[in-house]
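A short worksheet on the structure shown next.
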RNA sequence: GCCACCGUAGCUCAGCUGGUAGAGCGACUGAUUUGUAAUCAGUUGGUCGGGGGUUCGACUCCUCUCGGUGGCUCCA
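In the working numbering, the protein residues as written are 7 to 658.
Structural data, given as structure tokens:
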């Protein structure tokens with residue numbers, strides 16, 4: 007066996023080393039700085055500990071804590087460090103799982119009692135102490151049975167439970183630092199001294215294995231970075247995100263409120279918010295009209311039999327408001343519009359020539375969301391859906407489905423939404439007849455058709471098994487709130503089951519009855535959620551067409567109030583939302599107030615402007631734009647509104 | 001729903017170990033007639049989320065309840 011091996015680096019350069027060398031030694035041979043910063047390596051494409059001995063020729067990639075691979079290891083190692091600290095302070099605590107997540111890590115513990123903020127500080131202190139000790143982190147491989155024996159002896163019952171679920175033949179690994187041993191796949195940093203810049207963020211309850219039937223554990227979230235600067239930047243980002251939170255801006259800009267006496271999750275839309283909703287609806291009506299949708303309206307209540315037929319009572323009863331008894335019959339507040347639309351479809355006989363039938367309604371629905379689930383406008387109990395149902399033949403399906411997807415993209419373009427993820431939710435064969443309509447062939451056929459449509463349309467998407475609706479696969483568009491919470495913005499579902507239950511038919515060219523497919527779609531989500539999202543997306547700086555307050559006239563002195571009122575009237579006549587600030591304040595104060603209110607256009611008028619019939623334009627965040635004739639100003643504003651132009655952005 | 005934390009004026013917040021509440025902004029009034037992010041002065045404003053209890057005395061302690069926040073779980 008040759009003692010010399012060749013190591014290939016990502017840039018294709020090579021170096022020779024003695025067999026058995028590890029990544030840390032290789033880093034040292036390149037430079038002391040790299041040796042200091044390197045956290046983990048990839049050997050032949052596999053992430054490995056720095057101490058992993060390399061026996062044969064290999065390709066190697068070294069990662070510092072700045073690289074995503076390195077950061078993840080750092081996060082994970084810090085989770086271990088936290089667990090070690092917790093075990094030292096609370097010897098009776100049992101450790102469970104502690105993974106790295108995006109920019110953060112957490113660890114769940116089973117302890118008596120809970121963690122207070124003070125406890126977190128104490129744990130954090132302990133962590134610094136343990137980190138500074140420079141404990142060497144070593145990897146130990148063992149058989150599954152040995153692992154069970156070891157963790158049983160340690161009294162770590164959750165770990166034993168985890169191991170017992172692993173295949174008997176597998177070799178497991180554990181990492182040890184001082185007396186602390188944790189089952190872990192690794193890799194980890196070689197020394198706890200590498201962990202310097204961390205902070206524990208918050209604690210919460212978390213069910214063991216995420217199942218509310220299980221015991222509630224105590225979870226601690228924290229974060230770590232490879233430099234003080236990065237940590238600070240991240241903490242700062244969290245602070246900035248809070249400023250964009252739609253709940254904060256929604257209150258500041260008087261968009262919506264919740265009232266204790268009205269009830270949780272039941273928003274009241276203030277005049278400013280209603281303007282935004284109206285604009286969104288105008289956009290939706292306009293684009294749906296052009297796309298051949300017909301608008302319908304349906305009641306808020308229906309008999310229970312309707313939802314029995316649709317299957318919703320069977321599948322979603324827990325999320326519906328309880329039934330009310332009316333003249334001895336059970337009625338439900340509607341949790342969705344589809345059954346009503348099915349009835350409208352069925353109201354007259356359809357031929358294949360009538361299809362596709364596209365029915366749209368911004369119907370208000372009510373869903374009983376668990377109290378802990380409510381989240382500002384993003385998760386509410388009363389909601390208006392940007393809803394429509396498309397009934398089509400199997401031949402028409404692909405094109406209809408794609409048209410819906412294209413409609414999302416058109417909206418995203420209008421709103422400047424760039425960060426999103428498309429998710430295709432598929433059924434789980436094991437759940438057929440339980441969670442899902444029991445028709446395996448139809449599921450497979452439909453899912454294939456959806457995938458084909460998406461592929462042909464050139465869409466990128468991720469497949470998620472076991473997340474489909476009970477009646478068919480669905481496409482969700484996922485976005486993230488300012489504080490990083492993921493949620494579904496647009497949704498598009500294929501329904502091959504419910505039309506049959508409603509006996510919906512169309513007569514085909516051969517004169518025979520067939521059941522149409524139904525596409526459920528809500529590209530603008532619920533209007534509540536969409537507005538919540540937009541508030542954060544724009545950080546309250548709405549583009550002109552959406553801005554509740556579009557133009558404010560700021561008179562330099564009272565002498566020009568008449569001219570100002572004249573402008574307001576003229577703009578009002580043209581449909582521009584314009585107001586005038588007649589407070590006896592100096593112009594600087596009026597500007598400041600307008601800026602804080604995020605009014606996009608300020609029109610400053612003084613005696614010069616009166617004389618020349620001009621206005622001095624100041625765009626929010628842009629500043630003074632100079633004087634222009636009043637008529638030009640009005641037509642510019644109108645054009646910007648009409649074309650729904652993007653807002654000016656500070657950083658662009 | 002579960003775990004933790006929080007709840008003082010329209011908003012943001014102060015109020016030490018119990019002695020019946022303060023500031024800034026806002027709003028209002030008056031003066032100022034102002035040129036691109038705060039003119040000055042005055043006035044207004046709270047049964048300290050609500051109920052019950054402990055205490056001579058509760059914003060402060062206990063308890064129940066309502067609401068919010070961070071998570072867990074779920075989302076047609």
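Glycine residues also receive a C-beta, built at the ideal position from the N, C-alpha and C atoms.
Just mark residue 88 as buried or exposed, buried being the case when its beta carbon has 16 or more other beta carbons within 10 Å. That one is buried.
Is the segment 344–351 close to the segment 265–283, with three or more CB pairs under 8 angstroms? Fewer than three beta-carbon pairs drawn from the segment 344–351 and the segment 265–283 are found closer than 8 angstroms, and the two stretches are therefore not classed as touching.
Apart from the five residues on each side of it in sequence, which residues of its chain come closer than 6 angstroms, Cβ to Cβ, to residue 498? For residue 498, the CB contacts under 6 angstroms within the same chain, skipping 5 residues up- and downstream, are 410, 481 and 527 in chain order.
What separation, rounded to the nearest whole angstrom, lies between the Cα atoms of residue 23 and residue 418? Residue 23 and residue 418: Cα-Cα distance of roughly 53 angstroms.
Would a C-beta distance cut-off of 8 angstroms place residue 544 and residue 653 closer than the cut-off? Contact: yes.
Which listed residue (584, 77 and 10) has its alpha carbon closest to that of residue 110: For residue 110, the closest of 584, 77 and 10 by C-alpha to C-alpha distance is 77.
Just to confirm my understanding: we take residue 315, look at its own chain, exclude 5 residues before and 5 after, and list those with CB closer than 8 angstroms. What are they? For residue 315, where only same-chain residues beyond five positions count, the Cβ hits under 8 angstroms are 345, 507 and 508.
Could you tell me the boundaries of the alpha helix (DSSP H) in which residue 505 lies? In the DSSP assignment, residue 505 falls within the alpha helix (DSSP H) that extends over 504–507.
If you follow the beta strand (DSSP E) that residue 388 is in, where does it begin and where does it stop? Unbroken beta strand (DSSP E) run through residue 388: 388–390.
Cut-off 6 angstroms between Cβ atoms - residues of its own chain near residue 467, not counting five sequence neighbours on either side: Once the five neighbours on either side are set aside, the close Cβ partners of residue 467 are 428, 430 and 460.
Can you list, in chain order, the stretches of the beta strand (DSSP E) that have 3 or more residues and sit fully within the segment 565–648? Within the segment 565–648, the complete beta strand (DSSP E) runs of at least 3 residues are 584–586, 607–611, 620–625 and 629–635.
Do residue 196 and residue 293 have their C-beta atoms within less than 8 angstroms of each other? The answer is no: Cβ separation not under 8 angstroms.
Helix, strand or coil for residue 318, going by three-state DSSP, please let me know. DSSP places residue 318 within a helical segment (H, G or I) once states are collapsed to three.
Can you tell which of 541, 617 and 118 has its C-alpha closest to the C-alpha of residue 565? Among 541, 617 and 118, the Cα nearest to that of residue 565 belongs to 617.
Under the three-state reduction of DSSP, which class applies to residue 9: helix, strand or coil? In the three-state reduction of the DSSP assignment, residue 9 falls in the coil class, being assigned neither a helical nor a strand state.
Once the 5 residues before and after residue 12 are set aside, which same chain residues still bring their CB inside 6 angstroms of it? Excluding residues within five positions, the ones whose Cβ falls inside 6 angstroms are 20, 22 and 63.
Residue 169 vs residue 178 beta-carbon contact at 8 angstroms: Yes. Within cutoff.
Close beta carbons around residue 615, own chain, < 8 angstroms, minus the five adjacent residues each side: If the five residues before and after residue 615 are omitted, its C-beta is found closer than 8 angstroms to the C-beta atoms of 566, 569, 621, 622 and 633, all from its own chain and listed in chain order.
Those runs of the alpha helix (DSSP H) which lie wholly inside the segment 145–199 and span at least 4 residues: Given a length threshold of 4 residues, each whole run of the alpha helix (DSSP H) inside the segment 145–199 is given here in chain order: 150–160 and 163–170.
Could you give the first and the last residue of the continuous beta strand (DSSP E) run that contains residue 242? In the DSSP annotation of this structure, residue 242 is not part of any beta strand (DSSP E); the continuous alpha helix (DSSP H) holding it starts and ends at 234–250.
Mind the definition here: the segment 501–520 touches the segment 262–274 only if three or more C-beta pairs lie below 8 angstroms; say whether that holds. No: fewer than three Cβ pairs fall under 8 angstroms.
Considering only residues of the same chain and omitting the five flanking positions on each side of residue 422, which have a CB-CB separation below 6 angstroms? Excluding positions up to five away in sequence, the list reads 652.
Using CA coordinates, which residue listed in 210, 208 and 184 is at the minimum distance from residue 198? Checked all of 210, 208 and 184; the closest Cα to residue 198 is 184.
Is the distance from the Cβ of residue 472 to the Cβ of residue 434 below 8 angstroms? Yes, Cβ-Cβ distance for residue 472 and residue 434 is below 8 angstroms.
Do residue 116 and residue 90 have their C-beta atoms closer together than 8 angstroms? No, these two residues do not count as a Cβ contact at 8 angstroms.
Here's the rule: buried if 16 or more other CB atoms are within 10 angstroms of the residue's CB, otherwise exposed. What is residue 204? So residue 204 counts as buried.
Sequence-distant residues of the same chain with beta carbon closer than 8 angstroms to residue 479, five excluded per side: For residue 479, where only same-chain residues beyond five positions count, the Cβ hits under 8 angstroms are 430, 431, 432, 433, 449, 452, 453, 456, 499 and 500.
Inter-residue spacing [alpha-carbon to alpha-carbon] between residue 491 and residue 223: Between residue 491 and residue 223, the C-alpha separation is close to 21 angstroms.
Considering only residues of the same chain and omitting the five flanking positions on each side of residue 420, which have a CB-CB separation below 6 angstroms? The beta carbon of residue 420 sits closer than 6 angstroms to the beta carbons of 650 from its chain, once the five residues preceding and following it are set aside; these are given in chain order.
Enumerate in chain order the residues of its own chain whose CB-to-CB distance from residue 630 is below 6 angstroms, with the five nearest sequence positions on each side excluded. Answer for residue 630: 624, listed in chain order.
Say whether the segment 534–542 touches the segment 589–603, bearing in mind that this needs 3 or more beta-carbon pairs closer than 8 angstroms, one atom from each stretch. The segment 534–542 vs the segment 589–603: no contact.
State yes or no: is the C-beta of residue 583 within less than 8 angstroms of the C-beta of residue 554? Yes. Within cutoff.
If I follow the unbroken beta strand (DSSP E) through residue 226, where does it start and stop? Run containing residue 226: 222–231, per the beta strand (DSSP E) assignment.
Distance check for residue 192 and residue 143, CA to CA, integer angstroms please. Taken atom to atom, the span from the alpha-carbon of residue 143 to that of residue 192 is near 11 angstroms.
Grab the span of the alpha helix (DSSP H) containing residue 206 for me, first residue to last. Note, residue 206: premise wrong, no alpha helix (DSSP H); beta strand (DSSP E) at 203–213.
Going by DSSP in three states, residue 443 sits in which element: helix, strand or coil? Coil.
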